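Shown next, in C-alpha cells, is the structure this report addresses.
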Amino acid sequence: MAEAAVAIPGLWRAAGRRLRAQRAAPLAALGLAVLVGLALLGPALSPHRYDGLDWQHLAQPPGSLAAHWLGTDRLGRDLYVRALHGLRLSLLVSALASAVSLVIGIAYGAIAGFAGGRTDGLMMRGVDVLYSLPYLFIVIILTSLMPRGSLAVLLLALGAVGWLTSARIVRGQTLALKRREFIEAARALGVRPLTILVRHVIPNLLGPVIVYATLTVPQMILFESFLSFLGLGVQEPRASLGSLVALGAQEMSSAPWMLLVPATLLVLLLLCLNVLGDGLRDALDPREC
Amino acid sequence: MLSYILRRLAGLLPTLIIIVTVSFLILRLAPGGPFDQEQTLSPAVRANLERLYGLDRPLAVQYLGYLRALAHGDFGPSLRSRDFSVGELIRQGVPVSATLGLSALALALLCGIPAGIGAALWRGRAADWLVSASSALGLALPSFVVGPLLVLIFALTLHWLPAGGWEGGSLRYLLLPAVTLALPVAAALARLTRASLLESLRAPYVRSARARGLGSARVLLRHALPPALLPVVSYLGPAVAFVITGSLVVETVFGLPGTGRYLVQGAIDRDYPLVMGMILVYAVLTLLLNFLADLAYGWLDPGVRHG
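This is the structure we're talking about:
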C-alpha cells in the first residue's frame with residue numbers, strides 16, 4: 000500500500016497537468032459537468048413531470064409555448080422534462096453498467112493473472128471464446144427474453160458485455176505487478192494469496208482501469224440507447240435518450256423536434272465523453288503523438 | 000501457408016459449436032415460448048403444435064437433433080412465418096445484408112483512409128482540423144441517430160432520395176443506409192490512419208529515405224505508408240464486427256428486408272430456429288472476416304508471416 004501511496008500521486012499530478020494543457024479535453028469536461036448538472040437539477044426547474052399529459056397542447060414545437068420550453072410530444076408530454084429525464088436515466092444506467100463490468104473484469108482478470116499457469120490459460124481462453132461470440136446478439140436475446148423494462152436485466156446484460164476487455168487489461172497489469180518486489184516481500188512474509196491480491200495487487204492496478212472505465216461509459220450509453228431504440232430497454236412511460244430518439248424517428252415527418260432534441264443531447268453527451276476519454280488516455284500515456 | 004489456413008479454419012469449428020450451444024441454452028432456458036403471444040390457443044392445440052415442432056421432447060434430444068439437422072444444412076422451420084423455412088429466410092436476407100455491409104465497408108475505406116492520410120500530411124492545418132473534428136463527431140453519432148437525421152434531411156425535406164425500402168438494392172435505395180453504416184467506421188479509420196502515419200513519418204527509416212533525396216511522393220508511398228497501414232488492417236476485424244452489428248440498426252431504421260430484422264423479430268417472438276439460424280449466419284460471417292483480416296495482416300507484415 001505504501002508503494003501505491005508514493006507512486007500514484009506523482010503519476011496523477013503529471014497526468015492532470017497534461018490533461019489541463021490539452022485544448023479539447025477541459026472543454027469536454029466542462030460540457031459533461033453541465034450535462035450531468037442538467038440531468039440532476041434540470042427536471043426540477045420545470046413544473047411538468049416526465050409522464051404528465053397535457054391534452055391542451057399536443058405535439059407543439061419548441062418555443063411556441065411559454066409552458067413547455069422544448070415543446071411537447073404527441074401525447075402532450077413535456078419534451079424538456081422527458082429529454083432530461085432520459086439523459087439522467089442513460090447516465091445512471093451506463094455508469095452502473097460500467098461499474099458492474101469493471102467489478103467482474105477486475106475480479107476475473109486479477110485472479111487469472113495472479114494464479115498464472117494453467118488456470119490463467121483456461122480462464123483467458125474462455126474470454127477469447129466469449130470475444131468471438133456476436134455479443135450484441137446475446138445481449139438482444141437476453142433482454143428480449145427477460146421481463147421487459149427491468150433495469151436489473153438491462154444492467155446485467157450490459158455488464159456481461161463490457162467485462163471482457165477490462166478482464167484482459169487487468170490480467171496484463173497483474174502479470175506485470177506480480178514480479179514486483181513488494182509482492183514478493185509480502186509472499187516471503189507468509190501473507191495469504193487472497194490477502195495479497197486484495198491488499199496489494201488490486202489497489203495498484205486501479206489507475207489504468209479507471210482510465211479504461213471512462214472509455215467504457217460512452218460505449219455503455221450507446222448500447223443502452225440502442226437497446227431502448229429497439230424497444231428492448233427502458234419502457235414507457237419512462238424515457239431514455241434511445242427510446243426518445245426511436246419515438247422521434249417515428250414522428251419526424253410531422254414533428255421533427257421530437258427527434259432533434261434527444262438526438263442533440265445524446266450526441267453532445269457522447270462527444271464530451273469520447274473527447275474526455277481520449278484526453279485522459281493521452282495524458283496518462285505521455286508518448287508524444 | 001495452405002496448411003496454416005486449413006488449420007485455422009478447422010480451429011473455427013469448435014468456436015462455432017460453442018456459439019450454437021450457448022445460444023441454444025440461453026434461448027431455451029429463458030422464460031416464455033414461441034406460442035405464448037397467441038392468447039386464443041387452447042391447451043390441446045398448443046400441445047399439438049409443440050409436438051409438431053418437437054418442443055415437447057427433452058432438451059438434450061432437441062439439441063442433438065438440431066445439430067444433426069444443421070450438419071445436413073437444414074436450419075429447421077420458422078415457428079412464426081409458417082410458410083417459410085429458416086433456410087429460405089436466410090437466403091432472402093443475406094444478399095440484402097451483404098450488399099449493405101460490403102458497400103458500407105468499401106465506402107468507409109475509400110473515405111476514411113485518404114482523409115487520415117491528408118490529415119497527417121497537413122498536420123495542424125485546416126484540413127487536419129476538419130478531419131479530426133468530423134471524425135470525433137462521426138464517432139459520437141450513433142447510427143440510429145444518423146439514419147433518421149439523414150432521412151429527415153434528404154428524404155422528407157429535400158425529397159432527393161427515398162426514406163426507406165430496398166427495391167432490389169438499386170443505388171438510390173442503398174445510398175442512405177450505406178452512408179449511415181459507413182460513417183463511424185470511416186471516422187475510426189481516419190483517426191487510426193492519421194495517428195499511425197504521423198508516427199511512421201517520424202521513424203528513422205523515413206528520415207533516411209528523405210535524406211537520400213527521394214521525392215516526397217515516393218517516400219510516402221514506398222516507405223511511410225505501408226507500415227502505417229498495419230494498425231488500420233488489424234482494425235478491419237473489429238470494423239467488420241461493427242458493420243455486422245450496425246447493419247442490424249440500419250436495417251431496422253430503413254426497413255430493409257435483411258437478416259438483422261429477422262433476428263430482432265425472431266428473438267421477440269421466441270422463434271427458436273429462426274434466431275439460431277441468424278446467430279449462426281452472423282457468427283460464421285464474423286469469424287470468417289476476422290480470419291481474412293488476420294491473413295491480410297500476416298501478408299502485409301513480414302514479422303508475423305506464418306510458415
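Chains as they are written, first to last, in numbering that gives the first Met the number 0: chain U, 0 to 288; chain Y, 0 to 306.
Cβ coordinates follow ideal geometry from the N, Cα and C atoms, glycine included.
Given the structure is predicted, the values throughout are model-derived calculations rather than measurements.
Which residue comes first and which comes last in the alpha helix (DSSP H) that contains residue i?
i                 : result
Asp127 of chain Y : 125 to 139
Glu198 of chain Y : 170 to 200
Thr215 of chain U : 205 to 228
Ile152 of chain Y : Taken as a continuous stretch (DSSP letters only), Ile152 of chain Y belongs to no alpha helix (DSSP H), as it is neither H nor E.
Ala27 of chain U  : 23 to 44
Asp268 of chain Y : 258 to 268
Gly212 of chain Y : Note, Gly212 of chain Y: premise wrong, no alpha helix (DSSP H); not H, not E.
Val248 of chain Y : 229 to 253
Gln249 of chain U : 240 to 250
Ser22 of chain Y  : 1 to 28
Tyr62 of chain Y  : 58 to 70
Val44 of chain Y  : 42 to 51
Glu183 of chain U : 180 to 187
Pro192 of chain U : 192 to 195
So that I know if they touch, is there some Cβ in chain U lying closer than 8 Å to that of residue i?
i                 : result
His305 of chain Y : In this prediction, His305 of chain Y has a pLDDT of 47, which is less than 50 and means its spatial position is unreliable; what the coordinates show is noted afterwards. Answer no: the Cβ-Cβ gap between His305 of chain Y and chain U never drops below 8 Å.
Tyr296 of chain Y : no
Phe143 of chain Y : yes
Val248 of chain Y : yes
Ile89 of chain Y  : no
Ala139 of chain Y : yes
Ala135 of chain Y : yes
Pro147 of chain Y : yes
Thr179 of chain Y : no
Leu155 of chain Y : yes
Val19 of chain Y  : no
Leu151 of chain Y : yes
Leu8 of chain Y   : no
Thr192 of chain Y : no
Thr251 of chain Y : yes
Val283 of chain Y : no
Val263 of chain Y : yes
Going by DSSP, name the residue or residues bridged to residue i.
i                 : result
Asp77 of chain U  : U:Thr71
Ser165 of chain U : None; Ser165 of chain U has no bridge partner.
Pro113 of chain Y : Answer is none; Pro113 of chain Y lacks a bridge partner.
Ser84 of chain Y  : Y:Pro76
Does the beta carbon of residue i sit closer than 8 Å to a beta carbon anywhere in chain Y?
i                 : result
Cys288 of chain U : Reliability of the predicted coordinates at Cys288 of chain U is poor, the pLDDT of 36 falling under 50, and no value is obtained from them.
Met219 of chain U : no
Ser165 of chain U : no
Val274 of chain U : yes
Leu269 of chain U : yes
Ala24 of chain U  : no
Ala262 of chain U : yes
Val233 of chain U : no
Ser89 of chain U  : no
Met123 of chain U : no
Ala248 of chain U : yes
Val113 of chain U : One detail in the question is off: residue 113 of chain U reads as Phe in this sequence, not Val. Not an interface residue.
Can you tell which of the options has its C-alpha closest to the C-alpha of residue i?
i                 : options                                : result
Leu78 of chain U  : U:Leu270, U:Ser239, U:Thr164           : U:Ser239
Leu235 of chain Y : Y:Ser77, Y:Ile112, Y:Ile16, Y:Ala208   : Y:Ile112
Ser131 of chain Y : Y:Ala208, Y:Ala185, Y:Leu40            : Y:Ala185
Leu37 of chain U  : U:Ser253, U:Leu86, U:Arg178            : U:Leu86
Ala289 of chain U : U:Phe222, U:Arg198, U:Gly112, U:Leu267 : This structure cannot speak to residue 289 of chain U, because chain U is shown only from 0 to 288.
Ala43 of chain U  : U:Gln21, U:Val80, U:Arg17, U:Gly120    : U:Val80
Ala245 of chain U : Y:Leu129, Y:Val252, Y:Gly92, Y:Asp55   : Y:Val252
Pro236 of chain U : U:Glu250, U:Gln218, U:Arg48            : U:Arg48
Trp76 of chain Y  : Y:Leu262, Y:Tyr271, Y:Gly297, Y:Leu284 : Reading off the sequence, residue 76 of chain Y comes out as Pro, not Trp. Selected option, being the one with the closest Cα: Y:Tyr271.
Leu52 of chain U  : U:Thr71, U:Gly41, U:Val92              : U:Thr71
Leu219 of chain Y : Y:Ala59, Y:Asp55, Y:Leu120             : Y:Leu120
Ala159 of chain U : U:Tyr130, U:Arg178, U:Ala185           : U:Tyr130
Phe228 of chain U : Y:Val248, Y:Gly214, Y:Leu228, Y:Ala227 : Y:Val248
Just confirm the distance between the C-beta atoms of residue i and residue j, as a whole number of angstroms; I'd bet it's less than 8 Å.
i                 : j                 : result
Pro161 of chain Y : Ala154 of chain Y : 6 Å
Phe143 of chain Y : Phe181 of chain U : 49 Å between Cβ atoms; not a contact.
Gly104 of chain U : Val169 of chain U : 6 Å
Leu69 of chain U  : Ala82 of chain U  : 7 Å
Met277 of chain Y : Leu26 of chain Y  : About 12 Å separates the two Cβ atoms, so there is no contact after all.
Gly100 of chain Y : Ser246 of chain Y : 5 Å
Val239 of chain Y : Ala295 of chain Y : At roughly 11 Å, the Cβ-Cβ gap does not stay under 8 Å, so Val239 of chain Y and Ala295 of chain Y are not in contact.
Tyr65 of chain Y  : Phe34 of chain Y  : Actually they do not touch by this definition, with Cβ atoms about 18 Å apart.
Val205 of chain Y : Ala216 of chain Y : No, Val205 of chain Y and Ala216 of chain Y are not in contact; Cβ-Cβ is about 13 Å, not under 8 Å.
Would the C-beta of residue i count as close to the ligand COA, meaning under 7 Å from any of its heavy atoms?
i                 : result
Ala208 of chain Y : The ligand COA is not part of the structure shown, which contains no ligands of any sort.
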